[in-house]
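By our numbering, the letter at position 156 of the sequence shown is numbered 156, and the numbering carries on one by one without gaps.
Ideal placement from N, C-alpha and C gives every residue a C-beta, glycine not left out.
Some notes on the structure that comes next.
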Amino acid sequence: MILVLFGPPGSGKGTQAVRIAEMTATPHVSTGAILRDEVGRGSDLGREAKPIMESGALVPDDLMVRIIEKRLAEPDAERGVVLDGFPRTVPQAEALDSMLQRNAREVAMVLYLDVPVEVVRERILRRAAMEGRGDDTADAFTERMRVYERETAPVVDHYRAIGVAIQRVDGSPPIDEVTAHIQEILAGSVAGVRTGRAGQGS
Ligand code: AMP
Numbered sequence: 001m002i003l004v005l006f007g008p009p010g011s012g013k014g015t016q017a018v019r020i021a022e023m024t025a026t027p028h029v030s031t032g033a034i035l036r037d038e039v040g041r042g043s044d045l046g047r048e049a050k051p052i053m054e055s056g057a058l059v060p061d062d063l064m065v066r067i068i069e070k071r072l073a074e075p076d077a078e079r080g081v082v083l084d085g086f087p088r089t090v091p092q093a094e095a096l097d098s099m100l101q102r103n104a105r106e107v108a109m110v111l112y113l114d115v116p117v118e119v120v121r122e123r124i125l126r127r128a129a130m131e132g133r134g135d136d137t138a139d140a141f142t143e144r145m146r147v148y149e150r151e152t153a154p155v156v157d158h159y160r161a162i163g164v165a166i167q168r169v170d171g172s173p174p175i176d177e178v179t180a181h182i183q184e185i186l187a188g189s190v191a192g193v194r195t196g197r198a199g200q201g202s
């Protein structure tokens, strides 16, 4: 199952994605984590991406599409993936659609973690203090929210238009509550999800 986890920066996508990957026994694919790894290794890609990421802007679509194409071709992605942070623009979503279509695959569901902007701002600034991520400054946050609203939010409309199921989840409650809600949704719509609560739908 190819699942797209969608939401603003700081909505808890990374945390929930790890849990969903475990529930669905598919790998967690975070484009942010892939890029941070490249930055850490000082690769050509990392050197190109670093200043872009620190400013809160988006890395060019063609680069991101190549990264995802390579990752989806790996054997562990055959059963599906949990996509976290991709697609982040409509062109990326369209590129993913054609990539999947060529292999007779499709996005099964979009899980949309909905969190008010004030809550995500507070979370991001707290994470900045704890983890020291270069893109968690107040200025970068403002830019990331602007980019989210302008470039990323329309991705949901894209999926709605092509008939992909979109499940909205309130991302404001404590982490475990959000996970429980996601678990109910997955148990209700996908066979074989490891919920320990088989048969309970949402
Ligand atoms: P994230 O960890 O998903 O918040 O990503 C951190 C940063 O990596 C973003 O602010 C972007 O600069 C870059 N990035 C991650 N995923 C993408 C993507 N799909 N398209 C463009 N840039 C991305």
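Under the three-state reduction of DSSP, L186 is assigned to helix. Contact holds between the region 1-16 and the region 139-153, because three or more Cβ pairs, one in each stretch, are under 8 Å apart. Between the alpha carbons of T137 and Q92 lies a gap of roughly 26 Å. P87 sits buried, since 16 or more C-beta atoms from the chains shown fall within 10 Å of its C-beta. By the C-beta density criterion, A187 is buried, having at least 16 other C-beta atoms within 10 angstroms.
DSSP, read as helix, strand or coil, puts A165 in strand. For a cut-off of 8 Å, the C-beta gap from V119 to S172 is around 6 Å, short enough to register as a contact. With 16 or more neighbouring CB atoms inside 10 Å of its own CB, V155 falls in the buried class. By the C-beta density criterion, S43 is exposed, having fewer than 16 other C-beta atoms within 10 angstroms.
For the pair D135 and E54, the CB atoms are nearer than the 7 Å cut-off.
Taking the Cβ of F86 as the reference point, at least one heavy atom of the ligand AMP falls within a distance shorter than 6 Å. Per DSSP, V59 is not a residue of any alpha helix (DSSP H), being assigned neither H nor E.
In the structure shown, F6 falls within a strand segment according to DSSP collapsed to helix, strand and coil. Put simply, the region 102-120 does not touch the region 24-38. Fewer than three CB pairs are less than 8 Å apart. Residue burial is scored here from C-beta neighbours: I2 has at least 16 other C-beta atoms within 10 angstroms and is therefore classed as buried.
Between M99 and A165, the C-beta gap is not smaller than 7 Å, which leaves the two residues out of contact. Between the C-alpha atoms of Q167 and I68 there is a straight-line separation of about 23 Å.
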